[in-house]
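Peer 1:
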Amino acid sequence: MTGDPAVLLRLPDGVGLEGPIVDLRGVDVDVSPAAIRDAVRVGCPTRPDRPTVHAPPPTRVHVHVCHLAPGVSVDRQAALAAVGAARGVETAHEADLGRAKQSLRELSIPTVDDDELRAARRRAAEAGSETERLRERVATLRGRVAARRDDGDDDALADAEASLSEATRTLSEASTQRVAATQRLAALEDRAQRARDARERRLRLEDRVENLRRARRAARADAVGPDFRDARARIDATVADRIGATGAEADGLRDALAVAVIAPLRAPVVVGADVVTAFGGPEATFERLEAPLVIG
Amino acid sequence: MLLVVTYSRRARETLRNACRSHEETVVRRFGRAALLRETEYGAFLACRLRERHAGDVQVERTEPFNEFADAPDAVREAAVAYARRDSPHTPYGRFAAGTDFPEASEMRGREL
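Protein chains in written order, with the working numbering: chain A, 1 to 296; chain B, 297 to 408.
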């Protein structure tokens with residue numbers, strides 16, 4: 001790598017370290033590799049008590065390989081898909097995906113005022129129960145009128161008839177309101193139903209976009225799979241025993257190293273001292289990974 | 297029963313979770329829809345979904361369909377006769393032509 005140094009690491013105390021390779025071994029700094037990794041991820045500016053890294057911004061691959069040291073784990077499929085994307089792998093899904101996204105953007109959903117709909121439901125329900133209540137009252141009063149008529153008490157009969165007539169009038173008004181409320185609700189429900197047709201199309205399109213994205217990720221991962229397997233085999237054959245990790249932990253780190261080897265990286269990678277030693281020193285590590293390094 | 301249909305990814309996810317946690321209240325699940333038992337708890341779940349996802353949730357109250365009460369005799373009898381027809385490849389239009397059975401287009405235009 002030539003030209004400007006690819007990394008400028010500014011420590012909280014103001015000290016700046018730069019170069020394609022920043023070697024923190026033997027340097028008296030009170031900054032953890034994790035803090036540097038986070039600084040690479042977030043870019044500038046950072047809080048005053050944190051280190052700052054000036055470097056090209058990380059791509060999607062970076063999250064998988066930004067810290068190459070014992071204890072890292074890699075979601076292999078996701079990492080390979082990210083490598084494929086960073087390499088610009090073209091898949092058979094681009095055109096379909098573009099069309100589906102375009103359709104999704106063009107889709108307009110008719111607006112439905114949910115509060116209005118809720119108010120209409122409430123009014124229809126209230127009008128319904130009020131009508132029921134009045135209907136029962138009219139029936140009761142009708143019975144009372146009949147009873148008074150049997151009694152032959154003219155004054156009581158007149159009172160009962162007046163109450164019945166009043167109740168019948170109120171019921172008639174309530175029934176009218178009920179019909180109006182029911183029709184209003186039906187009209188709003190109709191509009192909501194039409195909006196649901198559009199929402200249904202949107203949901204289908206969203207599912208289609210998601211499925212195509214998944215297929216594209218799989219295709220990208222497949223495309224770089226052979227390179228990954230080659231790189232992983234070379235790691236296994238050369239440095240695997242000396243990278244400072246054992247068991248399942250070693251597996252994760254070997255995967256991460258193989259991904260880092262095949263990925264186009266421009267943002268700096270934080271590499272553990274054991275890994276650098278296993279690769280044969282800072283220069284050799286830099287050449288293998290083809291990425292700016294912070295060794296710590 | 298209460299039929300709950302969802303129209304967005306988030307509403308569908310909420311329904312899925314609700315169905316998983318409240319199996320006793322779920323009668324059937326279909327992808328992004330579910331039939332809930334007609335209990336207060338079923339209503340509680342439906343109200344929660346509606347509250348959270350508003351227009352992305354449709355809630356309907358279903359009833360058993362009684363063909364003797366809910367469908368005109370002519371419609372029911374036409375369906376029975378057509379289901380029992382001799383030649384399985386005859387479309388309904390040809391089957392009904394020249395008979396008293398109602399035409400499909402007539403039936404489409406008439407509300408129950």
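Backbone N, C-alpha and C define an ideal beta-carbon position, used for all residues, glycine too.
1) Have a look at B:P398 and B:R381 and give me their C-alpha separation to the nearest angstrom.
2) Any idea what DSSP makes of A:T2, helix, strand or coil?
3) Apart from the five residues just before and just after A:V145, which ones in its own chain have a Cβ nearer than 6 Å to its Cβ?
4) Which residues, taken in chain order from the region 110 to 131 of chain A, show a beta carbon closer than 7 Å to some beta carbon of chain B?
5) Could one say the Cβ of A:E200 lies closer than 8 Å to chain B's Cβ atoms, at least one of them?
6) Go through its chain and collect everything with a Cβ distance to A:Q177's Cβ below 7 Å, but skip five positions before and after it.
7) Tell me whether the beta-carbon of A:E290 lies closer than 8 Å to the beta-carbon of A:L265.
8) If you follow the beta strand (DSSP E) that B:R357 is part of, which residue opens it and which one closes it?
9) Does the Cβ-Cβ distance between A:L185 and A:A81 come in under 8 Å?
10) Note down the Cα distance separating A:P12 from A:P51, rounded to an integer number of angstroms.
11) So what does DSSP say about A:P57, is it helix, strand or coil?
12) Give me the chain A residues within the contact set of B:R305, using Cβ-Cβ distance strictly less than 9 Å, ordered along the chain.
13) Identify, in the order they occur along the chain, each residue of the same chain with its Cβ nearer than 7 Å to the Cβ of B:T335, setting aside the five sequence neighbours on each side.
14) Please determine if the region 219 to 232 of chain A and the region 80 to 98 of chain A are in contact, where contact requires at least 3 C-beta pairs separated by less than 8 Å.
15) Would you identify the three-state DSSP class for A:T52, choosing helix, strand or coil?
16) Taking a cut of 7 Å between CB atoms, which residues from the region 239 to 256 of chain A lie near chain B?
17) For B:R312, collect the residues of the same chain with a Cβ closer than 7 Å to its Cβ; drop the 5 residues on either side in sequence, then sort them by chain order.
18) In the DSSP output, what is A:H67 paired with across the bridge?
19) According to DSSP, simplified to helix, strand and coil, what is A:D23?
20) Assign A:I262 to one of three DSSP states: helix, strand, or coil.
21) Are the Cβ atoms of A:A195 and A:I109 separated by less than 8 Å?
22) Are B:A330 and B:C343 closer than 8 Å when you measure CB to CB?
23) May I have the straight-line CA-CA distance separating B:Y337 from A:R213, to the nearest angstrom?
24) Between which two residues does the alpha helix (DSSP H) carrying A:V294 extend?
25) By a C-beta neighbour count over all protein chains shown, 10 Å radius and 16 as the cutoff for buried, is A:G272 buried or exposed?
26) Is it right to say A:L205 is buried, meaning 16 or more other beta carbons lie within 10 angstroms of its own, or is it exposed?
27) For B:Q354, count neighbouring Cβ atoms within 10 angstroms of its own Cβ and tell me buried if that reaches 16, exposed if not.
28) On the DSSP bridge assignment, give the partners of A:G16 in chain order.
29) What is the C-beta distance between B:V301 and B:R328, in whole angstroms, given that I count them as a contact (C-beta under 8 Å)?
30) Rounding to the nearest angstrom, what Cα-Cα distance links A:M1 and A:A215 in this structure?
31) Within a Cβ cutoff of 7 Å, which residues of the same chain sit near A:R288, ignoring the five residues on either side of it in sequence?
32) Verify whether the separation of the beta carbon atoms of A:V22 and A:V7 is less than 8 Å.
33) Do you know whose CA, among A:P56, A:V61, A:S175, A:P48, lies nearest A:A258's CA?
34) Can you list, in chain order, the residues of its chain whose CB lies under 8 Å from that of B:D396, leaving out five sequence neighbours each side?
35) At a CB-CB cut-off below 7 Å, which residues of chain A make contact with B:A350?
36) Taking CB distances under 8 Å as the criterion, tell me whether A:R191 reaches chain B.
Peer 2: Reading from the atomic positions:
1) Counting from 1 along the second sequence, the entry for residue 398 of chain B is found at position 102. Counting from 1 along the second sequence, the entry for residue 381 of chain B is found at position 85. So the alpha carbons of these two residues sit roughly 16 Å apart.
2) Counted from its first residue, the first sequence places residue 2 of chain A at position 2. For A:T2, the pLDDT reaches just 48, beneath the cut-off of 50, and the residue's location in the model is therefore unreliable, although a value from the coordinates is still provided. Coil at A:T2, not helix or strand.
3) The residue given as residue 145 of chain A occupies position 145 in the first sequence. Excluding sequence neighbours, A:V145 sits near A160, E161, L164.
4) V112, D114
5) Along the first sequence, read from residue 1 onward, the residue named residue 200 of chain A stands at position 200. It does; some Cβ of chain B falls within 8 Å.
6) Locating residue 177 of chain A in the first sequence gives position 177, where the first residue counts as 1. Answer for A:Q177: A127, listed in chain order.
7) Here residue 290 of chain A refers to the residue found at position 290 when the first sequence is read from its first residue. Here residue 265 of chain A refers to the residue found at position 265 when the first sequence is read from its first residue. The answer is yes: Cβ separation under 8 Å.
8) Within the second sequence, numbered from 1, the residue matching residue 357 of chain B stands at position 61. Segment 353 to 357, the beta strand (DSSP E) holding B:R357.
9) Counting from 1 along the first sequence, the entry for residue 185 of chain A is found at position 185. Counting from 1 along the first sequence, the entry for residue 81 of chain A is found at position 81. Not a contact, by the Cβ cut-off of 8 Å.
10) Stepping through the first sequence from its first residue, residue 12 of chain A is reached at position 12. Stepping through the first sequence from its first residue, residue 51 of chain A is reached at position 51. Going by the C-alpha atoms only, they are around 5 Å apart.
11) Numbered from its first residue, the first sequence carries residue 57 of chain A at position 57. Of the three classes helix, strand and coil, the one that applies to A:P57 here is coil, per DSSP.
12) By one-based count along the second sequence, residue 305 of chain B stands at place 9. Per Cβ cutoff of 9 Å: L203, E206, D207, E210.
13) Translated into the one-based positions of the second sequence, residue 335 of chain B becomes position 39. These residues qualify, in order along the chain: T321.
14) yes
15) Mapped onto the first sequence, residue 52 of chain A falls at position 52. Three-state result, A:T52: strand.
16) none
17) As a first step, residue 312 of chain B is located in the second sequence; it is residue number 16 there, counting from the start. Excluding positions up to five away in sequence, the list is empty.
18) Taking the first sequence and counting its residues from 1, one reaches residue 67 of chain A at position 67. DSSP, once it has assigned bridges, lists A:V270 as partnering A:H67.
19) Residue 23 of chain A sits at position 23 when you count from the first residue of the first sequence. DSSP places A:D23 in strand when its eight states are reduced to three.
20) Against the first sequence, residue 262 of chain A aligns to sequence position 262. A:I262: helix per DSSP, three-state reduction.
21) Residue 195 of chain A sits at position 195 when you count from the first residue of the first sequence. Residue 109 of chain A sits at position 109 when you count from the first residue of the first sequence. Contact: yes.
22) Within the second sequence, residue 330 of chain B is the residue found at index 34, counting from 1. Within the second sequence, residue 343 of chain B is the residue found at index 47, counting from 1. Against a cut-off of 8 Å, the Cβ pair of B:C343 and B:A330 comes out as no contact.
23) Looking up residue 337 of chain B in the second sequence gives position 41. Looking up residue 213 of chain A in the first sequence gives position 213. When rounded, the distance between both Cα atoms is 38 Å.
24) Locating residue 294 of chain A in the first sequence gives position 294, counting from the first residue. Looking at the DSSP string, A:V294 is not in any alpha helix (DSSP H); the run it does join, the beta strand (DSSP E), is 293 to 295.
25) Here residue 272 of chain A corresponds to residue number 272 of the first sequence, with the count starting at 1. It is buried - the Cβ of A:G272 has at least 16 other Cβ atoms within 10 Å.
26) Counting from 1 along the first sequence, the entry for residue 205 of chain A is found at position 205. Under this definition A:L205 is a buried residue.
27) In the second sequence, counting from the first residue as 1, residue 354 of chain B sits at position 58. Looking at its Cβ environment, which holds 16 or more other Cβ atoms inside 10 Å, B:Q354 is buried.
28) Position 16 of the first sequence holds residue 16 of chain A. In DSSP, A:G16 forms a bridge with A:R10.
29) Numbered from its first residue, the second sequence carries residue 301 of chain B at position 5. Numbered from its first residue, the second sequence carries residue 328 of chain B at position 32. Indeed they touch by this definition, with Cβ atoms about 7 Å apart.
30) Your numbering for residue 1 of chain A matches position 1 in the first sequence. Your numbering for residue 215 of chain A matches position 215 in the first sequence. Because the pLDDT at A:M1 is just 43, under 50, the model does not fix this residue reliably, and the value given afterwards should be weighed accordingly. For A:M1 and A:A215, the distance between alpha carbons rounds to 35 Å.
31) The sequence position of residue 288 of chain A within the first sequence is 288, counting from 1. Hits under 7 Å: V261, F279.
32) Numbered from 1 along the first sequence, position 22 holds the residue referred to as residue 22 of chain A. Numbered from 1 along the first sequence, position 7 holds the residue referred to as residue 7 of chain A. Yes; because the gap between Cβ atoms is below 8 Å, this pair is in contact.
33) Here residue 258 of chain A refers to the residue found at position 258 when the first sequence is read from its first residue. Among A:P56, A:V61, A:S175, A:P48, the Cα nearest to that of A:A258 belongs to A:V61.
34) Residue mapping note: residue 396 of chain B aligns to position 100 of the second sequence, counting from 1. Closer than 8 Å at Cβ, skipping near neighbours: A370.
35) By one-based count along the second sequence, residue 350 of chain B stands at place 54. Here the neighbours are D114.
36) Position 191 of the first sequence holds residue 191 of chain A. So, not an interface residue.
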